[in-house]
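Under numbering that gives the first Met the number 0, the letters of the sequence shown match residues 0 to 297, in that order. All C-beta atoms in this analysis are idealised placements derived from N, C-alpha and C, irrespective of residue type, glycine included. These notes concern the structure reproduced below.
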Amino acid sequence: MNVLAVGLAALGALFFGLASVRQHRAVQAGAPNTRAGVGERLAAGLRLLRQPAWLLGAGQAGLGGGLHVVALALAPITLVQPVGVLAVPVTVVASALARRRRPSRAQGLGTLLSVAGVAALTVVLLLPASRPATLPAWGTLAAGVAAVLAAGTAVALLLGRPGAPALLRCASRAVVAAALFGLVSVLVRTLGQVVRSPVATDPALVATAVVGLALALPLGVWAMQSAYLFGAPQVVICCLTLVDPLTAVVGGRYLLQDGSAIGGPVLAAAVGCALVAAAGVVLLARGYPAEPGATVRR
């Protein structure tokens, strides 16, 4: 089952990478003026729902997400979630092909560092599970959901404020989206364990997971689409593939005991791997040429 789960997660990453490039171009093409009011921005967002390119990207993202959900039902988060790093090279290559340009050396090196960093992070965190996943108390799960939502709000307000550099606004929104998507994976895994549990489950736990999904998923989608306004799709995807698995793996292990306990040395090694991947994100950002006719938003 684990091999099947990894294959499904890899296929999902392929669709997600293609969707990122398609939706980024659609968002950039239909973006309102930087001085536009709330009404004009809302109208621009509604126009996206009628753009075939954006809708096709949404379909690809939905298909990728569906494959990822099935993979999470078959295998632990620690095995499934980091496979999403494969979306990074897909995004870089697809973006270059869309512009009819070869990826630059900086992009190639950035992709290599990002993939190597997250792959190493997977090896560090992917220890043999010492016990099967267990369901948390509903209060514990509610506290985890509230913590991620509060942290995401703080990052968006402090780092993504108007007037901040475009790269910072892009990365902050992408990080928020990644944390929310990581939370979504934990909640999906929780509901999967509820379905497979041979004993009755606390209804409050199910309600907490459902409400958490109803909040985290649309907010994550909004944060990701907003990030496309200020930066390259590969920057968004790199942030997603760095923070998403970290959030999901840590949340899965502490809330569901989904795998072995994380000790100090493991955390230190994970931080080192994350720094390598972060260096790749910076290189990708610097090596990204502007789209023809695109405007950098500040």
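The residue among ALA28, GLN192, ALA206 with its C-alpha nearest the C-alpha of THR133 is GLN192.
One alpha carbon belongs to ALA153, the other to LEU66, and they sit about 31 Å apart.
Here PRO75 is near GLY251, since their CB atoms are less than 8 Å apart. Taking 8 Å as the cut-off, the Cβ atoms of ALA119 and CYS237 do not count as close.
Going by beta carbons, ALA276 and SER113 fall inside the 8 Å limit. A direct Cα-to-Cα measurement between ALA170 and VAL92 gives close to 20 Å.
Along the region 128-160, the beta strand (DSSP E) does not occur as any fully enclosed run of 3 or more residues. Residues TRP137 of the same chain have their beta carbon placed closer than 6 Å to that of LEU204, with the five preceding and five following residues left out of the count. According to the DSSP assignment, TYR253 belongs to the alpha helix (DSSP H) that extends over 232-255.
Distance from the CA of GLY151 to the CA of SER196, rounded to the nearest whole angstrom, comes to 31 Å.
Where PRO88 is concerned, the enclosing alpha helix (DSSP H) starts and stops at 86-98.
Its chain contains ALA178, GLY181 as the residues whose beta carbon lies nearer than 6 Å to that of THR246, once the 5 sequence neighbours on both sides are disregarded; these appear in chain order. Going by C-alpha positions, ALA105 is about 31 Å away from GLY61.
Between ALA176 and the set LEU7, ALA222, ALA95, the nearest pair of CA atoms involves ALA222.
Spatial neighbours of GLN22 in its own chain (CB-CB distance under 6 Å, excluding positions within 5 residues in sequence) are listed in chain order as TRP53, GLY56. Contact between LEU7 and ALA70 holds: CB atoms are separated by about 4 Å, below the 8 Å threshold.
By the neighbour-count criterion, in which a residue is buried when 16 or more other Cβ atoms sit within 10 angstroms of its Cβ, LEU3 is exposed. By the Cβ-count criterion, ALA206 is exposed, with fewer than 16 other Cβ atoms from all chains shown falling within 10 Å of its own Cβ.
Between GLY16 and VAL84, the C-beta spacing is not below 8 Å. In the structure shown, VAL26 falls within a helical segment according to DSSP collapsed to helix, strand and coil. Excluding sequence positions up to five before and after ALA25, its CB lies within less than 7 Å of the CB of LEU47, GLN50, ALA52, TRP53, GLY56, all in the same chain and listed in chain order. Within 10 angstroms of the beta-carbon of ALA269 lie 16 or more other beta-carbons, which makes it buried. For SER171, the uninterrupted alpha helix (DSSP H) run begins and ends at 165-195, by DSSP. For the set ALA226, THR200, VAL281, VAL242, the Cα lying nearest the Cα of VAL82 is the one of VAL242.
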